[in-house]
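Asks: In this text, residue positions in the sequence shown follow the UniProt record's numbering: the first is 1, and each later residue adds one.
A virtual CB, placed ideally from N, CA and C, is assigned to each residue, including glycine.
Here it is: the structure, laid out below.
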Amino acid sequence: MGEDIFEEGRSWANTVGCTTDSTPAMLGCRYGFHAKVKAANSNVSKMHYMIHRYAITVEALPPPQNRM
């Protein structure tokens, strides 16, 4: 799951936000990516990345509305 970025000894003190797509691997409250970032710096805020939902919605529209 990318534990290596936590094992490299990086400082997370300057991290202010974490943006994910809301998958369980990213948002898991105990073992997800955001939980690991939050453990490294409790001041990090969580943001949800919505553009993938927009793309899925647009694909379902009939032409010409489905052109981005």
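#1: Near SER45, which residues of its chain fall below 6 angstroms by C-beta distance, leaving aside the five closest residues on each side in sequence?
#2: Taking THR15 and HIS48 to be in contact with their CB atoms under 8 angstroms, please state how far apart those CB atoms are, rounded to whole angstroms.
#3: Could you compute how far the alpha carbon of HIS34 sits from the alpha carbon of ILE51?
#4: If we ignore side chains and look at the alpha-carbon of each, how far apart do ALA60 and GLY9 end up?
#5: According to the Cβ coordinates, are LYS36 and PHE6 closer than 8 angstroms?
Replies: Reading off the structure:
#1: Here residue 45 is taken as the residue at index 45 of the sequence shown, counted from 1. Within the same chain, SER45 has close Cβ partners GLY17.
#2: What you label residue 15 is simply residue 15 of the sequence shown in a count that begins at 1. What you label residue 48 is simply residue 48 of the sequence shown in a count that begins at 1. That belief does not hold up - the Cβ atoms of THR15 and HIS48 are roughly 17 angstroms apart, past 8 angstroms.
#3: One-based indexing of the sequence shown puts residue 34 at position 34. One-based indexing of the sequence shown puts residue 51 at position 51. Cα to Cα, HIS34 sits roughly 19 angstroms from ILE51.
#4: Along the sequence shown, one-based indexing puts residue 60 at 60. Along the sequence shown, one-based indexing puts residue 9 at 9. Roughly 44 angstroms separates the two Cα atoms.
#5: On the sequence shown, residue 36 is found 36 positions in, with the first residue counted as 1. On the sequence shown, residue 6 is found 6 positions in, with the first residue counted as 1. Contact: yes.
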